[in-house]
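Engineer: Quick one: this structure, given as structure tokens, is what I'll be asking you about.
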Amino acid sequence: MSNLTDYKNMWVFVETENGKPKNVGYELISVAKPLAEKKGCELVAIVIGYHVEQAAKDAICYGADSAIVVDRPEYEFYTTDAFAKALTTLVKKYKPETLMLGATNNGRDLGPRVSCRLKTGLTADCTGIDIDEETGNMAWTRPTFGGNLMATIMCPENRPQMGTVRPGVFKKGRYDEAKSGTIVREEIAVAPEEIRTSLVERVKEVAESVNLEEAEIIVSGGRGVGSQENFAILRELADVLGATVGCSRAVVDAGWMPHAHQVGQSGKNVAPKLYIAVGISGAIQHVAGISGADTILAINKDPDAPIFGVADYGIVGNLNEVVPELTAAFKAKKA
């Protein structure tokens, strides 16, 4: 059991790739900032990578009080061994009370490895974070039983309290270029023999090219699209709008689209400026995944579809007629 009084401050791990930060780190800063203020502690951004100084400065401009940076060549590409050693070393030295990571592919790998090394708990895939009024512990909320229930989990006896949080659940805060804070640089070297994997080749996989979490416009299809072939109609609209194509769980289960495109509690949480839902009924698990969208346009031939209850705009009609007309209208506007 940890000596709880030795631990203080709230940490957010800002993940980078090729030196560029992923949005989820800054999204977590926006939700962690008021919680840190509530606890009267500092909010610290943790940046591990290569040539990542700017990411640390930006983290402060987004609301972090300070940043700790580990910037060395061995962290240019993510490896479990190197990043786990660096993050574990930092936690043991500085003893944060709370550590948040994005529930990205890398975050889902790194979080459990670090929590095991630190002998503390980790709540995975959270969609909500708060502070329990009675105990002062972090209250991590996550879907369970296939998204049909929400569980709130606490870690009262060990520190740090750790959680991975889904990208797109929260919005980035305001960027304040004038804000300044301390940046501490830590030298944590990892010998080549400590890294049990080697990068042979980088292949841009489907999961990387389908960047739903950071997309500003998403055209998403459900079972009502009718077939895998009919998704070509949605892709045409997406191409005109510069949008990313998403889908519901039913579409993935039917084998029409890869899981990387899935939006919802068992897929990706998204927060685009515009979400166009085509042939999606509006099951609660899907609706929860698009709660961060600024504007939702629903297209469905069923006027009683639940999706219309959350949509800002709705079109009742056959998608084979409506979507091509929208595509033509947007093409004309661009011309």
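If you count the sequence shown from 1, you need to add 3 to reach the numbering used here.
Just so you know, even glycine gets a beta-carbon here, dropped at the ideal spot from N, CA and C.
Taking a contact to mean a Cβ-Cβ separation below 8 Å, would you say I287 touches G249 in this structure?
Structural biologist: Walking along the sequence shown from the start, residue 287 turns up at place 284. Walking along the sequence shown from the start, residue 249 turns up at place 246. It is not a contact, given that the beta carbons lie outside the stated cut-off.
Engineer: How about F333 and L237: do their beta carbons lie closer than 8 Å?
Structural biologist: In the sequence shown, counting from the first residue as 1, residue 333 sits at position 330. In the sequence shown, counting from the first residue as 1, residue 237 sits at position 234. Cβ atoms of F333 and L237: not closer than 8 Å.
Engineer: With a threshold of 16 other CB atoms inside 10 Å of the CB of A154, please say whether the residue is buried or exposed.
Structural biologist: On the sequence shown, position 151 is the one that residue 154 refers to. A154 comes out exposed.
Engineer: Do you know how far the Cα of L329 is from the Cα of M165?
Structural biologist: Along the sequence shown, one-based indexing puts residue 165 at 162. Along the sequence shown, one-based indexing puts residue 329 at 326. Cα to Cα, M165 sits roughly 45 Å from L329.
Engineer: Distance, Cα to Cα, C44 vs A70?
Structural biologist: As a working mapping, residue 44 is identified with position 41 in the sequence shown. As a working mapping, residue 70 is identified with position 67 in the sequence shown. Each residue's alpha carbon lies about 14 Å from the other.
Engineer: Nearest-angstrom Cα distance between K337 and L300?
Structural biologist: Against the sequence shown, residue 337 aligns to sequence position 334. Against the sequence shown, residue 300 aligns to sequence position 297. Looking at the two C-alpha atoms, the distance is approximately 20 Å.
Engineer: Report the rounded CA-to-CA distance for T101 versus Q57, giving the unit in angstroms.
Structural biologist: Looking up residue 101 in the sequence shown gives position 98. Looking up residue 57 in the sequence shown gives position 54. Approximately 24 Å, taken between the alpha carbons.
Engineer: Which full runs of the beta strand (DSSP E) of 3+ residues lie inside the segment 32-102, going along the chain?
Structural biologist: Taking only runs of at least 3 residues, the beta strand (DSSP E) segments lying wholly in the segment 32-102 are 46-52, 69-74.
Engineer: Could you check whether G270 and G285 sit closer than 8 Å to each other, using their CB atoms as the reference points?
Structural biologist: As a position in the sequence shown, residue 285 is number 282, starting the count at 1. As a position in the sequence shown, residue 270 is number 267, starting the count at 1. Not closer than 8 Å, so no.
Engineer: Going by the beta-carbon positions, is the gap between G28 and L46 smaller than 8 Å?
Structural biologist: Counted from its first residue, the sequence shown places residue 28 at position 25. Counted from its first residue, the sequence shown places residue 46 at position 43. Contact flag unset, no.
Engineer: Take the Cβ of R162 as the centre, count every other Cβ of all protein chains shown within 10 Å, and call the residue buried at 16 or more, exposed below.
Structural biologist: By 1-based counting over the sequence shown, the position of residue 162 is 159. Looking at its Cβ environment, which holds 16 or more other Cβ atoms inside 10 Å, R162 is buried.
Engineer: Could you tell me how far apart the beta carbons of E30 and F234 are, in whole angstroms, since I believe they sit closer than 8 Å?
Structural biologist: For the purposes of this step, residue 30 is identified with residue 27 of the sequence shown, where counting begins at 1. For the purposes of this step, residue 234 is identified with residue 231 of the sequence shown, where counting begins at 1. E30 to F234, Cβ: 29 Å. No contact.
Engineer: Rounding to the nearest angstrom, what Cα-Cα distance links D84 and R199 in this structure?
Structural biologist: The count along the sequence shown starts at 1 and reaches residue 84 at position 81. The count along the sequence shown starts at 1 and reaches residue 199 at position 196. Taking the straight line joining both Cα atoms gives about 7 Å.
Engineer: Closest to T247 by C-alpha separation, out of D305, N272, V213, would be which residue?
Structural biologist: For this step, residue 247 is matched to residue 244 along the sequence shown. Minimum Cα distance to T247 is reached at V213.
Engineer: Tell me which residues share the same chain as Y10 and place their Cβ nearer than 8 Å to its Cβ, disregarding the 5 neighbours each side in the sequence.
Structural biologist: Taking the sequence shown and counting its residues from 1, one reaches residue 10 at position 7. For Y10, where only same-chain residues beyond five positions count, the Cβ hits under 8 Å are K98, P99, E100, R162, P163.
Engineer: State the start and end residues of the unbroken alpha helix (DSSP H) segment that holds K114.
Structural biologist: The sequence position of residue 114 within the sequence shown is 111, counting from 1. Per the sequence presented here, residue 114 reads as Gly, with Lys not at that position. Its alpha helix (DSSP H) spans residues 108-121.
Engineer: Can you tell me whether DSSP reads Y178 as helix, strand or coil?
Structural biologist: Taking the sequence shown and counting its residues from 1, the one referred to as residue 178 is at position 175. It is coil, neither helix nor strand.
Engineer: Runs of 3 residues minimum, wholly inside the segment 266-293: which ones carry the beta strand (DSSP E) assignment?
Structural biologist: Runs found: 277-281.
Engineer: Report yes if the CB atom of P76 is closer than 8 Å to the CB atom of Y53, and no otherwise.
Structural biologist: Start at 1 with the first residue of the sequence shown, and residue 76 comes out as number 73. Start at 1 with the first residue of the sequence shown, and residue 53 comes out as number 50. Yes, Cβ-Cβ distance for P76 and Y53 is below 8 Å.
Engineer: Using the C-alpha atoms, what's the distance from C129 back to G320?
Structural biologist: The sequence position of residue 320 within the sequence shown is 317, counting from 1. The sequence position of residue 129 within the sequence shown is 126, counting from 1. Each residue's alpha carbon lies about 36 Å from the other.
Engineer: If the criterion is Cβ atoms closer than 8 Å, does the pair S223 and I283 meet it?
Structural biologist: Stepping through the sequence shown from its first residue, residue 223 is reached at position 220. Stepping through the sequence shown from its first residue, residue 283 is reached at position 280. Going by C-beta atoms, S223 is nearer than 8 Å to I283.
Engineer: Do you know how far the Cα of R226 is from the Cα of A253?
Structural biologist: Working through the sequence shown from its first residue, we reach residue 253 at position 250. Working through the sequence shown from its first residue, we reach residue 226 at position 223. So the alpha carbons of these two residues sit roughly 6 Å apart.
Engineer: Report the start-end ranges of each beta strand (DSSP E) in the segment 131-156 that is 3 residues or longer and not cut off at the edges.
Structural biologist: Qualifying beta strand (DSSP E) stretches, in chain order: 131-134, 141-147, 152-156.
Engineer: Cutting at 8 Å between CB atoms, please list the residues of its own chain near G110, excluding the five before and the five after it.
Structural biologist: Taking the first residue of the sequence shown as 1, we reach residue 110 at position 107. So the qualifying residues of the chain are F16, E18, V27, L104, T167.
Engineer: Return the residue from the list K41, F80, G131, A35 that minimises the CA-CA distance to E204.
Structural biologist: Working through the sequence shown from its first residue, we reach residue 204 at position 201. Comparing Cα positions, the closest option is F80.
Engineer: Indicate the three-state DSSP secondary structure (helix, strand or coil) for P195 in the structure shown.
Structural biologist: If you number the sequence shown from 1, residue 195 lands on position 192. Of the three classes helix, strand and coil, the one that applies to P195 here is helix, per DSSP.
Engineer: Determine whether the Cβ of F311 lies closer than 8 Å to any Cβ atom of chain C.
Structural biologist: Of the protein chains in the structure, only one exists, and it is not chain C.
Engineer: Since Q265 and V273 are thought to touch, with beta carbons under 8 Å apart, how far apart are those beta carbons, to the nearest angstrom?
Structural biologist: Along the sequence shown, read from residue 1 onward, the residue named residue 265 stands at position 262. Along the sequence shown, read from residue 1 onward, the residue named residue 273 stands at position 270. Wrong, their Cβ atoms sit about 10 Å apart, outside the cutoff.
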